[in-house]
Amino acid sequence: MDAKVSALLNTQINKELYSAYLYLDMANFYQSKGLDGFSNWFEIQAQEERDHAMLMYKYLHNNGETVTLEAIDKPGLTYNDLMDPLTEALKHEKYVTSLIHTIYLAAKEADDFRTMQFLDWFVKEQGEEEQNASDNINKMTLFGSDARALYMLNQELAARVYSAPSLVL
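In terms of this note's numbering, the sequence shown is residues 3 to 171.
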């Protein structure tokens, strides 16, 4: 595997684990506000991010690469209202999408077709992640100012269940 591609994937493992921390921080915020459905949604999001890190971890190992784990930064965001975590989540997903695209481009430049194929799943996943984050913002914009509608939205988000990725390495 190309050294640059390997290094970028190693770094991305850390970024995915940070994403899990960030989403747990958001879940914690909503839990403190009594919105257990919103908290559930972000707890599941954190599980997904940990799985993304593990997929990259296993991919590197399966390709004879060494994984170097780094310290995970503490999330440093402050949330002033119920919309803040939702907008920050979308911003973060767009950032992660840019990181995945950077790795994909490096793999393309190295003619690393196996890694490009591996990353195809992540490219598709990031499109879904951005759409889900955007949908949450739209729903909060529409319903968040009405207590009954907020309750219903909270119930909807509470119904989200975890589904492990089915990517074959």
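Virtual Cβ for every residue (Gly too), placed ideally from N, Cα, C. Quick caveat, the model's predicted, so the values are computed rather than measured.
Item: Find out if the Cβ-Cβ distance for the pair residue 26, residue 48 is shorter than 7 Å.; Value: yes
Item: So residue 163 is in the alpha helix (DSSP H); what residue range does that whole segment cover?; Value: No alpha helix (DSSP H) holds residue 163; DSSP gives it neither H nor E.
Item: Going by other Cβ atoms of all chains shown within 10 Å of its Cβ, with 16 needed for buried, is residue 68 buried or exposed?; Value: exposed
Item: Measuring only between beta-carbons, confirm whether residue 3 sits less than 7 Å from chain B.; Value: Of the protein chains in the structure, only one exists, and it is not chain B.
Item: Near residue 139, what residues of its chain come up, given a Cβ to Cβ distance below 8 Å and the 5 sequence neighbours on each side ignored?; Value: 85, 88, 89 and 92
Item: Within the continuous alpha helix (DSSP H) that includes residue 118, where are the two ends?; Value: 115 to 145
Item: How is residue 156 classed by DSSP in three states: helix, strand or coil?; Value: helix
Item: Looking at residue 29: is its Cβ nearer than 7 Å to the Cβ of residue 44?; Value: yes
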